[in-house]
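Residue numbers (our numbering): 261 to 494.
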């Protein structure tokens, strides 16, 4: 792995402890130094904002406020706004999402171009059921064992209407990207093609999902898993 690629990995997940990231840190002193600096930055930011360190927590708050119709910040965030701007935590939005997508087509393409391809290269292990359960529970959702057993990567991500889940799903013909959008409505069955990949939109009754991959991959089988495997918790 090149150093520039490693820096991109850190940008996507600065506190990653995945085996591939740990191995990459051993490629040279500059790799280890970059990882240490990213971790130190997260620690300093957490202390400055005086809340417990959770690698998703700050991004969740920033993204949720940026991508919801109601633009008011929580009181603590308003007080810390100057600090956030100075230290660049909002870089997730400033660098990659300066223009908010106006359509589902723009959103899917922008989201996938942001880190979709990169995350496919990192997804080589089965994610723990506990991690999947914790993330999905953020929206009172759950994934069936059949779907969860195919998930090789999961994280929270932005959607057009707040936060959602970005997953990589294993199939017999390679990996597919699955974006779960808990508050976004789509036209069921709509196909979006861009950059030699295509996205199949799935309406799930008040929520939705986008399945992204190369033409010819088994979209139908994953769509069946999504329709039957993502549901509200009882």
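Quick reminder that beta carbons are idealized off the backbone N, C-alpha and C, glycines included.
Between residue 383 and residue 435, the CB-CB gap stays under 8 Å. Minimum Cα-Cα distance from residue 438 among the listed residues 447, 403, 455 corresponds to 403. Annotation for residue 381: the continuous alpha helix (DSSP H) segment containing it runs 377–382. The C-beta distance from residue 387 to residue 414 rounds to 5 Å, short enough to meet the 8 Å contact threshold.
Check the Cα spacing between residue 429 and each of 410, 265, 385: the tightest is with 410. In this structure, the alpha-carbon of residue 483 lies about 7 Å from that of residue 462.
Look at the beta carbons and you see the region 418–427 touching the region 438–455: at least three pairs across the two are nearer than 8 Å. Exposure of residue 385 is indicated by the presence of fewer than 16 other C-beta atoms within 10 angstroms of its C-beta. Given a length threshold of 4 residues, each whole run of the alpha helix (DSSP H) inside the region 406–493 is given here in chain order: 479–489.
Cβ-Cβ distances below 6 Å link residue 368 to 452, 459, 470 in the same chain, with the five nearest sequence neighbours on each side left out; the list follows chain order.
When DSSP states are grouped into helix, strand and coil, residue 385 belongs to the coil group. Spanning the alpha carbons of residue 281 and residue 266 requires a straight line of approximately 8 Å.
Residue 372 has its alpha-carbon roughly 10 Å from the corresponding atom of residue 366. Following the DSSP letters along the chain, one finds residue 280 in no beta strand (DSSP E) but inside the alpha helix (DSSP H) bounded by residues 279–284. Relative to residue 364, the option among 389, 468, 393, 455 whose CA is nearest is 468. In summary, residue 296 is exposed, with fewer than 16 beta-carbon neighbours lying within 10 Å of its beta-carbon over all protein chains present. Within the same chain, Cβ atoms closer than 6 Å to the Cβ of residue 396 are found at 402, 403, the five residues on either side in sequence being excluded. Cβ contact annotation for residue 391 (same chain, cutoff 7 Å, sequence separation greater than five): 414, in chain order.
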